[in-house]
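Some notes on the structure that comes next.
Protein chains: 2
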Amino acid sequence: MTKPRTAAIQYAHDHRPQFLNELNEFASIPSVSTEPANKEDVQRAAEWLANHLKDLGMENIQIFSTARHPIVYGDYLKAGANAPVALIYGHFDVQPAEPLELWHSDPFAPQMRGENLYARGTTDMKGQIIAILAAIEAIKQTSGLPINFKFIFEGEEEIGSPNLTNFIPEHKELLASDFAVNPDTGMIDLDLPTITYGLRGLAYFELRVTGPDHDLHSGQFGGEIHNPAQALCELIAGMHDEQHRVTLPGFYDKVRSLSAEERLSLSQLPGVDEATVLKHTGAPALYGEAGYSPIERSSARPTLEVNGLLSGYTGSGSKTVLPAWAMAKISMRLVPDQDPKMVEQQLRAYMQAHAPNTIRWEIIDLQGGSASISDRNSPAVKAMVKAFDTVWGKPTIFRREGGSVPVVAQFQQHLKIETVNTGFSLPDDNMHGPNEKLHIPTWHKGIDSLIHFFYNIADAQ
Amino acid sequence: MTKPRTAAIQYAHDHRPQFLNELNEFASIPSVSTEPANKEDVQRAAEWLANHLKDLGMENIQIFSTARHPIVYGDYLKAGANAPVALIYGHFDVQPAEPLELWHSDPFAPQMRGENLYARGTTDMKGQIIAILAAIEAIKQTSGLPINFKFIFEGEEEIGSPNLTNFIPEHKELLASDFAVNPDTGMIDLDLPTITYGLRGLAYFELRVTGPDHDLHSGQFGGEIHNPAQALCELIAGMHDEQHRVTLPGFYDKVRSLSAEERLSLSQLPGVDEATVLKHTGAPALYGEAGYSPIERSSARPTLEVNGLLSGYTGSGSKTVLPAWAMAKISMRLVPDQDPKMVEQQLRAYMQAHAPNTIRWEIIDLQGGSASISDRNSPAVKAMVKAFDTVWGKPTIFRREGGSVPVVAQFQQHLKIETVNTGFSLPDDNMHGPNEKLHIPTWHKGIDSLIHFFYNIADAQ
Numbered sequence: 101m102t103k104p105r106t107a108a109i110q111y112a113h114d115h116r117p118q119f120l121n122e123l124n125e126f127a128s129i130p131s132v133s134t135e136p137a138n139k140e141d142v143q144r145a146a147e148w149l150a151n152h153l154k155d156l157g158m159e160n161i162q163i164f165s166t167a168r169h170p171i172v173y174g175d176y177l178k179a180g181a182n183a184p185v186a187l188i189y190g191h192f193d194v195q196p197a198e199p200l201e202l203w204h205s206d207p208f209a210p211q212m213r214g215e216n217l218y219a220r221g222t223t224d225m226k227g228q229i230i231a232i233l234a235a236i237e238a239i240k241q242t243s244g245l246p247i248n249f250k251f252i253f254e255g256e257e258e259i260g261s262p263n264l265t266n267f268i269p270e271h272k273e274l275l276a277s278d279f280a281v282n283p284d285t286g287m288i289d290l291d292l293p294t295i296t297y298g299l300r301g302l303a304y305f306e307l308r309v310t311g312p313d314h315d316l317h318s319g320q321f322g323g324e325i326h327n328p329a330q331a332l333c334e335l336i337a338g339m340h341d342e343q344h345r346v347t348l349p350g351f352y353d354k355v356r357s358l359s360a361e362e363r364l365s366l367s368q369l370p371g372v373d374e375a376t377v378l379k380h381t382g383a384p385a386l387y388g389e390a391g392y393s394p395i396e397r398s399s400a401r402p403t404l405e406v407n408g409l410l411s412g413y414t415g416s417g418s419k420t421v422l423p424a425w426a427m428a429k430i431s432m433r434l435v436p437d438q439d440p441k442m443v444e445q446q447l448r449a450y451m452q453a454h455a456p457n458t459i460r461w462e463i464i465d466l467q468g469g470s471a472s473i474s475d476r477n478s479p480a481v482k483a484m485v486k487a488f489d490t491v492w493g494k495p496t497i498f499r500r501e502g503g504s505v506p507v508v509a510q511f512q513q514h515l516k517i518e519t520v521n522t523g524f525s526l527p528d529d530n531m532h533g534p535n536e537k538l539h540i541p542t543w544h545k546g547i548d549s550l551i552h553f554f555y556n557i558a559d560a561q
Numbered sequence: 101m102t103k104p105r106t107a108a109i110q111y112a113h114d115h116r117p118q119f120l121n122e123l124n125e126f127a128s129i130p131s132v133s134t135e136p137a138n139k140e141d142v143q144r145a146a147e148w149l150a151n152h153l154k155d156l157g158m159e160n161i162q163i164f165s166t167a168r169h170p171i172v173y174g175d176y177l178k179a180g181a182n183a184p185v186a187l188i189y190g191h192f193d194v195q196p197a198e199p200l201e202l203w204h205s206d207p208f209a210p211q212m213r214g215e216n217l218y219a220r221g222t223t224d225m226k227g228q229i230i231a232i233l234a235a236i237e238a239i240k241q242t243s244g245l246p247i248n249f250k251f252i253f254e255g256e257e258e259i260g261s262p263n264l265t266n267f268i269p270e271h272k273e274l275l276a277s278d279f280a281v282n283p284d285t286g287m288i289d290l291d292l293p294t295i296t297y298g299l300r301g302l303a304y305f306e307l308r309v310t311g312p313d314h315d316l317h318s319g320q321f322g323g324e325i326h327n328p329a330q331a332l333c334e335l336i337a338g339m340h341d342e343q344h345r346v347t348l349p350g351f352y353d354k355v356r357s358l359s360a361e362e363r364l365s366l367s368q369l370p371g372v373d374e375a376t377v378l379k380h381t382g383a384p385a386l387y388g389e390a391g392y393s394p395i396e397r398s399s400a401r402p403t404l405e406v407n408g409l410l411s412g413y414t415g416s417g418s419k420t421v422l423p424a425w426a427m428a429k430i431s432m433r434l435v436p437d438q439d440p441k442m443v444e445q446q447l448r449a450y451m452q453a454h455a456p457n458t459i460r461w462e463i464i465d466l467q468g469g470s471a472s473i474s475d476r477n478s479p480a481v482k483a484m485v486k487a488f489d490t491v492w493g494k495p496t497i498f499r500r501e502g503g504s505v506p507v508v509a510q511f512q513q514h515l516k517i518e519t520v521n522t523g524f525s526l527p528d529d530n531m532h533g534p535n536e537k538l539h540i541p542t543w544h545k546g547i548d549s550l551i552h553f554f555y556n557i558a559d560a561q
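So the protein sequences, as listed, match chains A and B. Note that our numbering has the first sequence beginning at 101, numbered continuously upward. Note that our numbering has the second sequence beginning at 101, numbered continuously upward.
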């Protein structure tokens, strides 16, 4: 199928301005799923995507309402009963854009600067969704689609997919497919096409510590009352020991140990050396669990991070208040075979053991998802490796990633299919931070790769 | 001088609605000194006060500009060269009202509920200023003033009096007086008239910890970078040891130890028992430095408090960010002979010894003032004790207070005068917190007490 590929690739190149316009439109919708004020925007993003699928000639399009944000389904099954079915996964919600003052342009008014398009969601992951749909359009408009497609797009990935978790087992037949593609995991570095075979799970909590029942004057009562901000700091400080290991009771009990082969393979990845990590982060020095390398710490070992802190007076200048309460957002990245519910129990056990009687505390469970390890030798993975070789002329990097995509474990469990985790985001794309961007030349190569990938799947039949 | 007293007291009782109206007007001005947005409001409060002094027949009224907020001066020297001069100190600035959602009425629209007037600044200390001016008006309008007065009102007390500190030594002649009155220290409990003879000093800092140079994805980089919020918590946790003593190097070196007599006297104060402190604060249990009683901890021992914490994502729901920085507002209450500059060096020494090389840190000095111990047997103190006995029929309580009024030490140092520290605020007035209020029946007794006090001063000549 060389000739149809050439036509489809040509079509994709000719229509790059159109694809960019589509991404501009899509990324202009502030579909921040965690923020109740943006609920309508998440709905708008779902509708935009459903309409776009319709324009592409996809069928059976449905927007499923859930308890919070909608799920978009669509399919194209005209390639025949013998052709394989690819399940395309994506999420149309985005992270909050705050702190806004650090953005150099409006996070929801995409702006090209140099080779990059800046806006929240460009790389995570509206650009990745548009890349897949662009590849499908290019094939459909030239040779026609040689394989079948199903699409499942959610609006709650950034808040832990609370409704997709139930939707998948409840719609096994609708979603039945031969393999899945999730372009949400990105590249290890520029010009290094990457497939992620290991993903960490996530458990995310809010920990609230309360002391007095109202804010007090720190001169009047300071010294005789346990300051809740201080108490929270003391509890957080105790969550790591001197080896920088997490101290929650039983935290490492179920953690699969790394094989010598996997450690060797991780150590040989490009861009995982100390200098590169320091360059990408701007941190003054590295840190982490004793006995493990940086890439092991950030991808194959579980971690506990403080994602937010709030207490008392935080404006300019001074206010001599003894605050009534203090709050921390705390999350754990999990590896097989840890379980988010188990980790919640471990956090509660830690608090029961260490919280003093001078304060009250409360844990609010905000999201959770399991870790996964994917088959590195499935036919779909092989088709993707071949496509990357064609477009980049390079072998594919296989890695474990620190981030969390619990849907991969759910597809394994309920649909019995493996997922190809890939994508065209770069480590310096400022995912989740200010000035998120997408590198457009890489994105173009990504579209070409996906065209080859779908033809490779068809050829392998 | 019994007859003039009766007339002045009667005048004060007849004019209570007018005094309350004045306080309503004064407390409606949001003169929040720490907030740049309220600069004009602080100026308006200065002008309101200057006009009020003029209406009362005070003279030589001046509003001194400073680098930030103005200082108001006025005097009345017609009682004759032989009559004593009382220096009246007060501050017309207030603490921020945040968190606004916890107020039951607008903090700058005073509202009477039951026996209390609710608004920011009613008790701290616009109500106290109006009480003194009401007493002076009552005497002036009936018998005429038997002593001389000077007034010094600042707009920066809540931010550590940065400009009054220089103003006092530069205006020694203008401010020359026989004694000072500062009605900013309040009562130990309802119906217990109180003079405060010991005040703690204050050192207030912002501590900023920086890790990466931008917010990172906690899944991508978590585990290999030291989380600045975690690092800040670890540093704060280390600032107290297991005995709840402050660990800054040398922190207790200059602290005067408490005499057996003073400890006995503090232990006999009313309202200092555990049950009362728990009732006033709503805390689940008491806390504090080993070896000291609650009242010793909160008034006679130095403390270190966290007044604010901020880092990362603090909105609703979850955001998996590894924050670039974390900030704490940290303040120390000081006792004789600690010095704020010395304490800043101790904090820096602590950070140099304990901050890891995985983060960067910065300390911003926000305010400082020294502690003081006042003469308990001065003629002015005796005149106030007699006035309290007349109005309340009770002996005056002498106490050390945990709060900070550095101007008392400055009057001692530069003007060589002692200050009578008193006032009519109550421990449950929610000073510095939401729903600050003034207990009006106590305020009325306060006005009567001040009338007797000024006559007692004149009689003692």
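Glycine included, C-beta positions come from ideal geometry on N, C-alpha and C.
- In this model, I463(A) and L307(A) are separated by some 5 Å (Cα to Cα).
- Using a CB distance cut-off of 8 Å, K139(A) does not count as an interface residue toward chain B.
- By the CB criterion at 8 Å, V505(B) and D548(B) fall outside the cutoff.
- Interface with chain B (8 Å Cβ-Cβ cutoff): I463(A) is excluded.
- At least one beta carbon of chain A lies nearer than 8 Å to the beta carbon of I259(B).
- Beta-bridge partners of T519(A) (DSSP): A280(A).
- Under DSSP, no beta-bridge partner is assigned to N457(B).
- In this structure, the straight-line span from the alpha carbon of A238(B) to that of D315(A) is close to 37 Å.
- D465(B) carries a strand assignment under DSSP once its states are collapsed to helix, strand and coil.
- The count of Cβ pairs closer than 8 Å, one atom from the segment 499 to 513 of chain A and one from the segment 264 to 282 of chain A, reaches three, so the stretches are in contact.
- With a threshold of 16 other beta carbon atoms within 10 Å, Q368(B) falls short and is exposed.
- The Cβ neighbour count for M212(B), taken over all protein chains shown within 10 Å, is under 16; the residue is labelled exposed.
- A186(B) has its alpha-carbon roughly 12 Å from the corresponding atom of I232(B).
- Under DSSP, F253(A) shares a beta bridge with V172(A), G190(A).
- For F305(A), the enclosing beta strand (DSSP E) covers residues 301 to 310.
- H552(B) counts as buried, since at least 16 other C-beta atoms from the protein chains shown sit within 10 angstroms of its C-beta.
- Around D313(B), the same chain offers A424 as residues with beta carbons nearer than 7 Å, after the five sequence neighbours per side are excluded.
- Where Y555(B) is concerned, the enclosing alpha helix (DSSP H) starts and stops at 540 to 559.
- M225(A) and G190(A) do touch by the CB rule: their CB atoms are close to 6 Å apart, below 8 Å.
- Chain-ordered listing is empty here: chain A has no CB closer than 9 Å to the CB of E237(B), the nearest sitting near 30 Å.
- The Cβ atoms of G350(A) and Q446(A) lie closer than 8 Å to each other.
- Taking the beta carbon of N327(A) as reference, the chain B residues within 8 Å of it are E405, V406, listed in sequence order.
- If you compare the alpha carbons of N535(B), G323(B), F554(B) with that of L202(B), the shortest gap goes to N535(B).
- Looking at the DSSP output, D289(B) sits in a beta bridge with L292(B).
- Neighbours of L422(A) across chain B, judged by C-beta separation under 8 Å: E405, N407.
- N282(A) and D141(B) have their C-alpha atoms spaced approximately 57 Å apart.
- Assignment of alpha helix (DSSP H) within the segment 194 to 271 of chain A, counting only whole runs of 4 or more residues, yields 227 to 242, 264 to 270 in chain order.
- Chain order gives no chain B residues near R308(A), where near means a beta carbon separation below 9 Å; the closest approach is about 12 Å.
- Our two residues, P370(B) and E396(B), have alpha carbons roughly 13 Å apart in a direct line.
- Think of a sphere of 8 Å around the beta carbon of K429(A): the chain B residues whose beta carbon falls inside it are G412, Y413, T414, S418, K419, in chain order.
- Residue contact check for V443(A) against chain B: no CB pair falls below 8 Å.
- Counting only residues of its own chain and dropping the five nearest sequence neighbours on each side, R500(A) has a CB closer than 6 Å to the CB of G298, S399, A400.
- With a contact defined as Cβ atoms closer than 8 Å, Y304(B) and L466(B) qualify at about 4 Å.
- Straight through space, the alpha carbons of E270(A) and H317(A) are spaced by roughly 55 Å.
- Close to Y304(B), with beta-carbon spacing below 8 Å, are these residues of chain A in chain order: S418, T420.
- Ranking H380(A), T296(A), L434(A), S411(A) by CA distance to the CA of D353(A) puts L434(A) first.
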